[in-house]
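Trainee: Counting along the sequence shown from 1, when you hit position 69 you're at 70 in my numbering, and nothing is skipped either side. Glycine included, each C-beta is placed from N, C-alpha and C at the ideal position.
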Amino acid sequence: GDVKEEDVDSFNFPFYSPCKEEITAIIEKEGSFEIKRLEVFEVGGDEVKIGFKDIGMDQLIMQKSIYGAKALRAVTEPLLSTHFGDAIMDKLFSRFATIFADHLANPPIGRKSSMTNRVNIVISLTKK
2 GDVKEEDVDS FNFPFYSPCK EEITAIIEKE GSFEIKRLEV FEVGGDEVKI GFKDIGMDQL
62 IMQKSIYGAK ALRAVTEPLL STHFGDAIMD KLFSRFATIF ADHLANPPIG RKSSMTNRVN
122 IVISLTKK
């Protein structure tokens, strides 16, 4: 294929989503900063519909999947292209958009929607 098997086997993308309490504990333990404000909020699937009021569900799903692929690409492309090379990036994120669109169009059993929510954490710190 487009990628060498040994490159896939040697790739490590550590990802961890801490909770609010873990973030607070780490900042307090480190001791250099004071937390002025720490807010956690969910961004749901419905807010994206605001810009797409007059389109059908299929087109909404495709737009959301493209948006999701672009957002993921903005964060992960530097790490991925360093390890795998630039040549596969367009194909990789295009494929991701297709897979994500399928996920959005076919929610898991027991769920009404795959329009997934995301959690954002905003922190305001001051140096001690």
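Within the same chain, show all residues whose beta-carbon is closer than 8 Å to that of L126, passing over the 5 residues directly before and after it, in chain order.
Mentor: Same-chain partners within the cutoff: I28, F34, E35, I36, K37.
Trainee: How would you call A98, buried or exposed, if buried means at least 16 neighbouring beta carbons within 10 angstroms?
Mentor: Label assigned to A98: buried.
Trainee: Where do the N-terminal and C-terminal ends of the alpha helix (DSSP H) with F85 fall, by residue?
Mentor: 58 to 85 is the extent of the alpha helix (DSSP H) around F85.
Trainee: Tell me the DSSP secondary structure of F34 in three-state form.
Mentor: Strand, per DSSP.
Trainee: Mark I62 as exposed unless 16 or more other C-beta atoms lie within 10 angstroms of its C-beta, in which case mark it buried.
Mentor: Label assigned to I62: buried.
Trainee: Thinking C-beta only, is K65 closer than 8 Å to V41?
Mentor: No. Outside cutoff.
Trainee: Which same chain residues, not among the five before or five after A102, have their C-beta less than 6 Å away from its C-beta?
Mentor: These residues qualify, in order along the chain: I62, M63, S66.
Trainee: Counting C-beta neighbours from all protein chains within 10 Å, is the total for L80 16 or more, i.e. buried, or is it exposed?
Mentor: Answer is exposed; the Cβ neighbour count stays below 16.
Trainee: If you check the beta carbons only, do V4 and I89 fall under 8 Å apart?
Mentor: A contact, by the Cβ cut-off of 8 Å.
Trainee: Identify whether F42 lies in helix, strand or coil by the three-state DSSP scheme.
Mentor: Strand.
Trainee: Helix, strand or coil: which one does DSSP assign to K128?
Mentor: Looking at K128 - three-state DSSP - the assignment turns out to be strand.
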